[in-house]
Every structure is written in structure tokens, then in C-alpha cells.
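Numbering (our numbering), first residue to last: 63 to 769.
Heads up, the beta-carbon is just placed ideally off N, CA and C, and yes, glycines get one too.
Being a predicted model, the structure only gives us computed values, none of them experimental.
Working notes, structure below.
Structural data, given as C-alpha cells:
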């Protein structure tokens, strides 16, 4: 009830409500502790996953250690997506997906690894960030396919120092590959089904159901020189000190994928050394290149190959594909240690040979020309000292270069509500935030960047974010979410469109100049409060003013529900219905607009409705006359209604409100949100997760016990 006049936040998906980690941690801990634990745990999970994966492909714990350390403190973790906890949770699963793919290719147990891959992919879908779930799943799939093709060629010519094959592989047939992908996708879909079902329903009511223009999906494309982020993450400036050169400051964090210069150099060595020796090196090189090209977005529109996939084709910030190059470089760096170990072994061998020659006394030995040293077909693993040393240097380098991006602040600076928020909660009524983007841009400049005075940012966070209701339980009529139904966006706007409300006011310098249509729409939707940096004229009353931020109140707003005796049918187009609201001839107290004619009782009249009960998912009211009961709550297909115990239809009226016909005076109307079988599917999802984990565990134990 605290967003867009009532919003299906579970269906929107970004909350990650069904992810097992979130269910446990956010239930048991207070929000700040849960947030900190989420970041720390998933940084460790990413690092340990990269350690396990690189250990698998290199057969060396000491080569894998620097990779694990680099992943745990890489740019995506310390700066890139700590503000997107759901993205962080999905990213942390990427190396585990790669490990599952590698295990499938190196063993004959396709079912066990298909279930593991499907389990991880299902968990990624439940994290609440569909884009990163798609990216991590795609990267692992690309790796698997690139790895599978060289496997059919069988690379058997390289041995370790112990005489074992460096890469022991078998032929994976196409049938097994198809079974692997089919089983994994089916399990992932089953695990995430309750979330996918609800999200798809909402998505197909939003603009993201259709192909969006390149100006939207190409927003956040990486520039061609974006590879410099692996060498100097400040190649475009630093948002911490306001020196970032692009007007979209948030691009700084989207482009921040620094892994350390040491890691980048080691990756180049590893690519050179291992190209002929390991299919994993070639696959990682391919993944890194493909990821970089996809991240270029509109600068090299390879990403359009996904334009046939519903919802995926509407993803923006293509720079997020750079995650693949980031993790690819980290894994390749482990092979770079083999290159250094080989060069050291070569140097020692040359030194030994030269010493032997000098020690000989026979004239034939002195006359003999020194033979050119040839590196034997033997792979020398990096020693413990090398692994520990490089891990320490990589961590230190990343800390020196990027550690300043890890900014902490006392929770009270952001979470303590202002007196204006207290007044909003006490009085009731919805809030509309005006010009939040402009306000934050001004504060960014005044504070001298993100590492400036967070007191100003904290002040703005208490009044300006469109999602204020989630922090302080103040209902906000607008919001910032990925999936907004067309009929809601048509009135109040979204990230893709401004909404009809933008046509009802103008700016004159620093003064907000609303027309009568603005006040009418605000009153009918119960919008009592407004926060902005602009000045608002009477009848808006200034109730708070500090550091250039203001809060206003419009006292005379409509009640939560009322009754009209007339309905005008304007067709199904949400934009047409929204435009009808701002016409001078429209009176919301006497008329409602709907997509189609609504049959009203013969004695329908204008009147009032008494709220008897109200909660997040239900409302009970009594009509004092026959007619159409108009409720300010946002319409959604899952709402059900009854009038005097008989089921009736919930109509969408006034573009986005609920409308229920009261057959007579005194009728009791009940509205309930029907969650369907979501709870049952939730339990089934958790059972599938547990069953997959148990199967993988016992299958692994059984195969370890088998000689």
C-alpha cells in the first residue's frame, strides 16, 4: 500500500522475497544488520566460488587463492553493486554456475551436475534481479558451450609435474549436453515458478512487454575504451570527488569492474601460456571477449541477439555484461601464475646447465656450443609462497586504488525520519515527490561528490526518494520500480514515460506552478503531501523547509472511497483514460471513466462510503447509496470483491482506481487481494531446493567412495 497507491511488490520481483537467504536473514535480523551481512556473506561466497572453480580448472590451490581473493574484493563487490543487494546475490552465484558446468564436462554424472546447475540458476532467479540472473546463467552457458567444443578434440599432450594429465577430459556427446541443459532449465523454472508466474503477469501489463527504443535499452552502454576500467577505474573520473565526466553519475558504479592491474597482467600471461594447453583458458578468453562486446551495447549492438526473448529485450545498462570479462580475467590470472612458475623453472634450469658447463674440465665440453634451453612438456604448479604472495599483493592493490569507494555511515543519518515524515504518518494521505533527480544532482554538486557530507544525502533520503514508503511507511503515489503497469504510468509516470501529471504544471525558475488540473488529480488520489526543492504556491502549505528541501501539504483531499452515479466509457487505452482525468469538464465526485460501460442501478447517485475495515490486502466498506463505489487503491487483476456476500467484478476506473457497483444503499462491499497458490508454490520451491541439495550431496559422497 506504500507505493503507487497500492502495488503488487511481490510480482515486481526485485525484493527477492522467496530467496532462502533473504527469508532467513531478513526475518531474523534488523534491516541494517541484514544488509551488512548480505554484502559480507555474498562477497565471501563469490570469492570462495571463484577459488573452487579456478582450483578445478588449474588443479592448484595456490594458483586459485589469488583468484578467490580478487573476486571477493573486485569492483562489482566493493563499489559496483553494493547498492543493489539483489544484483550482488545473483553475481555471487556466477562462479558456482561455472563450476557446475566444468564438473559436468569432466565427469560422466550429467544428472547430478544438471541438478546443481538448475538449482543455482533457480536461486539466481529468486534473488530478485532478472537481468543479472540472465547474465550469470548466460555466461555459464557460453562457457560450457565453448568448453564443450574443445573437449570433443581431446587435449592430452600436457602433463603436470607429477606426471598426471593437466587436462583429463572425455567426449561429451550432444545428447548428454541437451539433457543437461533441458534438466537444468526445467529445475530452475520449477524452483522460481511462483516468482516467474507473478512477475510475467505484471511484466505483460507494463511497457517492458514490448520492444523498447534503443534510447532506453541502450542506456548505460559501455564506451569503447571501457576496458580501461580493469587498469584504471577512474578513467572517466571519480564520483567520490565529483570529477566523473559523464552527466549520468550512476554510470560510474555501472562501469566499475576493477580487478587490479596485477590481475589484469597475470590474465594476459595466463591467456598466452594456456591457450594451447587448456580448453578452459580458451573458453574463458571467449567469455571475456563476448561479454565485453555485449557490454558495449549500442556502440556494438551484439546485445540485440536477445531481442526475441520477452522481458530480456527490455533490459538496459548493457554495461552489466562486463561482469563476464571481470570474472574471466580473474580466472585467467590463475593460469598467469603457471606462466611465472614456468619461467622461474626455466631460469633455474638454465642456471643449473650453465653451472654444469663451467664445472667441466674436458676440452670437448669447453668447445661445445651451449644448447638452447627447451621448456619440457611438463607443467609446474605455482608454489605456496607464490600463491600467498600474489593474493596479498592483489588485495593490497585493490584496497589502495579502490578502497575509498567503500563508504560507511551511521544508520541514523539515513533512517531516522524527519518531523515532516512524522506529520505525514500522523495525518494520513499519500506523498508525491517532485524533481527527485534534480535534487540529488544538486546535492551531489554541493557535497563535492559521493564521499562528501552525507548529512545532506541523509536529509534528502528522508523526503525525496520515490520509494520512501518502504523506509518510513508513508504511502507514495509515484515510485521507482522496473515494472509499472501501463495504466499507472499513464497517470503518474515511470522511468520510461512522464505520465499525464506532467501536463498539469510548469516551472518558473525555482517556482512550481500547478494548474487546477494538478490539484484535481492530487485531491482525487488522496495525495496530501509533496516534497520538492521548488516553491509551491497556495493552497499548498509549507510544513517543512531545510537545506533547500521543502515539504508541502494540500489539506482538502478526497476520502479513501466515494460513490458516483455516472460512468463514461473511454476505451481500453490507458493514456486516453488518464487524459480524461485532466479535462476541465471531468468532475471525479460525480463521474468515473472506464474502459467500457458499467451497468449501474437505476437509482444510482453520488454519495459517500464508510470504511469499516482496511488492511494491506483487504478493505470493507458500506455504501450510503446505490452507484459505483470508487476506491483510491490501485486496480490489479488479483483483486476480488463481493457486494452483500455476492461476488462482483472489480472494475478499473479513473485510469488506475478500483470500482465496485453497490446495488443498493447500505450495501457492504468487501475487497480482497487473491494471492492464488503463491504460498503453495513457495513451499514446493523450497522443497525442490532442499531435494536438489540432498541429491547432489549424496551423489558426491557415493562417487568419492567409489574407487
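1. What do you get for residue 104, buried or exposed, if any count of 16 or more other CB atoms within 10 angstroms of its CB means buried?
2. Residue 551 and residue 264 look like a contact to me (Cβ under 8 angstroms); what is the Cβ gap, rounded to whole Å?
3. Name the residue from 596, 446, 179 whose alpha carbon lies nearest to the alpha carbon of residue 571.
4. Per the contact definition of three or more C-beta pairs closer than 8 angstroms, is the stretch 140–152 in contact with the stretch 186–198?
5. Under the DSSP definition of a beta bridge, which residues are partnered with residue 625?
6. According to DSSP, is residue 607 helix, strand or coil?
7. Quick one: which unbroken alpha helix (DSSP H) runs of 4-plus residues sit fully inside the stretch 554–596? Chain order, please.
8. When we look at the beta-carbon of residue 67 and count the other beta-carbons within 10 Å, is it buried (16 or more) or exposed?
9. Once the 5 residues before and after residue 450 are set aside, which same chain residues still bring their CB inside 8 angstroms of it?
10. Just curious, the alpha helix (DSSP H) that residue 245 is in, first and last residue?
11. Please report the distance separating the alpha-carbon of residue 80 from that of residue 256.
12. Is the Cβ-Cβ distance between residue 380 and residue 491 less than 8 angstroms?
13. Less than 6 angstroms between C-beta atoms, sequence neighbours within five positions excluded: which residues of the same chain meet that for residue 305?
14. Counting only the same chain and skipping the five closest in sequence on each side, list residues whose C-beta sits under 8 angstroms from that of residue 332.
15. Among the candidates 500, 477, 307, 122, whose CA atom is the shortest distance from the CA of residue 844?
16. What span of residues does the alpha helix (DSSP H) with residue 722 cover, start to end?
17. Given this structure, state the Cα-to-Cα distance separating residue 757 from residue 460, to the nearest angstrom.
18. Which same chain residues, not among the five before or five after residue 610, have their C-beta less than 6 angstroms away from its C-beta?
19. Would residue 64 be called buried (16 or more neighbouring beta carbons within 10 Å of its own) or exposed?
20. So the beta strand (DSSP E) residue 732 belongs to, where does it begin and stop?
21. With a threshold of 8 angstroms on Cβ separation, who are the neighbours of residue 581 within its own chain once the five nearest residues in sequence on each side are excluded?
22. Do residue 391 and residue 473 come within 8 angstroms of each other at the CB atom, strictly closer than that value?
23. Quick one: Cα of residue 131 to Cα of residue 166, how far?
24. Curious, which full-length alpha helix (DSSP H) runs of at least 4 residues does the stretch 115–179 contain?
25. Out of curiosity, what's the CA-to-CA distance linking residue 686 and residue 717?
26. Quick check: the Cα distance between residue 523 and residue 530, rounded to an integer number of angstroms?
27. Measure the alpha-carbon distance for residue 483 versus residue 499 and round it to whole angstroms.
28. Count the CB pairs spanning the stretch 746–760 and the stretch 684–701 that are closer than 8 angstroms, and state whether there are at least three.
29. Start and end of the alpha helix (DSSP H) containing residue 509?
30. With a 10 Å radius around its C-beta and 16 neighbouring C-beta atoms as the bar for buried, classify residue 370 as buried or exposed.
31. Measuring CA to CA, which of 630, 274, 176, 204 is closest to residue 9?
32. Which class does residue 74 belong to by DSSP, given the choice of helix, strand or coil?
33. Around the C-beta of residue 759, are 16 or more other C-beta atoms found within 10 angstroms, so that it is buried, or is it exposed?
34. Grab the span of the alpha helix (DSSP H) containing residue 90 for me, first residue to last.
35. Under 8 angstroms: do the stretch 617–624 and the stretch 586–595 share three or more Cβ pairs, one atom per stretch?
36. Identify whether residue 658 lies in helix, strand or coil by the three-state DSSP scheme.
Quick look at the numbers:
1. Here residue 104 corresponds to residue number 42 of the chain shown, with the count starting at 1. Buried: at least 16 other Cβ atoms inside 10 Å.
2. Here residue 551 corresponds to residue number 489 of the chain shown, with the count starting at 1. Here residue 264 corresponds to residue number 202 of the chain shown, with the count starting at 1. Between residue 264 and residue 551 the Cβ distance is about 12 angstroms, and since that is not below 8 angstroms, they are no contact.
3. As a working note, residue 571 is residue 509 in the chain shown. The option with the nearest alpha carbon to residue 571 is 596.
4. yes
5. Within the chain shown, residue 625 is the residue found at index 563, counting from 1. Answer by DSSP bridge pairing, in chain order: 669, 691.
6. For the purposes of this step, residue 607 is taken as residue 545 along the chain shown, with counting starting at 1. In the structure shown, residue 607 sits in a strand (DSSP, three-state: E or B).
7. 578–586
8. Within the chain shown, residue 67 is the residue found at index 5, counting from 1. Buried, by the Cβ-count rule.
9. Working through the chain shown from its first residue, we reach residue 450 at position 388. For residue 450, where only same-chain residues beyond five positions count, the Cβ hits under 8 angstroms are 124, 127.
10. Within the chain shown, numbered from 1, the residue matching residue 245 stands at position 183. 236–253 is the span of the alpha helix (DSSP H), which, as asked, contains residue 245.
11. For this step, residue 80 is matched to residue 18 along the chain shown. For this step, residue 256 is matched to residue 194 along the chain shown. Approximately 9 angstroms between the Cα atoms of the pair.
12. If you number the chain shown from 1, residue 380 lands on position 318. If you number the chain shown from 1, residue 491 lands on position 429. Cβ atoms of residue 380 and residue 491: not closer than 8 angstroms.
13. Translated into the one-based positions of the chain shown, residue 305 becomes position 243. So the list reads 299, once near-sequence residues are dropped.
14. As a position in the chain shown, residue 332 is number 270, starting the count at 1. Closer than 8 angstroms at the Cβ level, and outside the excluded window around residue 332, lie 343, 394, 395, 396, 397, 398, 399, 400, 401.
15. Past the edges of the chain, shown from 63 to 769, lies residue 844, and the structure says nothing about it.
16. The residue labelled residue 722 in the question sits at position 660 within the chain shown. Element bounds for residue 722: not the alpha helix (DSSP H) but the beta strand (DSSP E), 719–724.
17. Reading the chain shown from its first residue, position 695 is the one you call residue 757. Reading the chain shown from its first residue, position 398 is the one you call residue 460. So the alpha carbons of these two residues sit roughly 39 angstroms apart.
18. For the purposes of this step, residue 610 is taken as residue 548 along the chain shown, with counting starting at 1. 595, listed in sequence order.
19. Residue 64 sits at position 2 when you count from the first residue of the chain shown. Flag for residue 64 reads buried.
20. Sequence index remark: in the chain shown, residue 732 carries index 670 (1-based). Residues 730–735.
21. As a working mapping, residue 581 is identified with position 519 in the chain shown. These residues qualify, in order along the chain: 601, 616.
22. Here the question's residue 473 lines up with position 411 in the chain shown. Here the question's residue 391 lines up with position 329 in the chain shown. For residue 473 and residue 391, no; Cβs fall outside 8 angstroms.
23. Walking along the chain shown from the start, residue 131 turns up at place 69. Walking along the chain shown from the start, residue 166 turns up at place 104. Distance between the alpha carbons of residue 131 and residue 166: 25 angstroms.
24. The stretch 115–179 contains, as complete alpha helix (DSSP H) runs of 4+ residues, the segments 123–134, 147–153, 156–168 (chain order).
25. The residue labelled residue 686 in the question sits at position 624 within the chain shown. The residue labelled residue 717 in the question sits at position 655 within the chain shown. Cα to Cα, the separation comes out at about 24 angstroms.
26. Residue numbering aside, residue 523 sits at position 461 when the chain shown is read from its first letter. Residue numbering aside, residue 530 sits at position 468 when the chain shown is read from its first letter. Distance between the alpha carbons of residue 523 and residue 530 is about 8 angstroms.
27. Within the chain shown, the letter at position 421 stands for residue 483. Within the chain shown, the letter at position 437 stands for residue 499. Distance between the alpha carbons of residue 483 and residue 499 is about 20 angstroms.
28. no
29. Along the chain shown, one-based indexing puts residue 509 at 447. Run containing residue 509: 498–509, per the alpha helix (DSSP H) assignment.
30. The residue you call residue 370 lines up with position 308 of the chain shown. Label assigned to residue 370: exposed.
31. Nothing about residue 9 can be read from this structure; the chain reaches only from 63 to 769.
32. The residue labelled residue 74 in the question sits at position 12 within the chain shown. In the displayed model, residue 74 falls within a helix according to three-state DSSP.
33. In the chain shown, residue 759 corresponds to position 697, counting from 1. Residue 759 should be labelled exposed.
34. As a working mapping, residue 90 is identified with position 28 in the chain shown. Here the alpha helix (DSSP H) through residue 90 covers 82–90.
35. yes
36. To locate residue 658, count along the chain shown from 1; it is residue 596. It is coil, neither helix nor strand.
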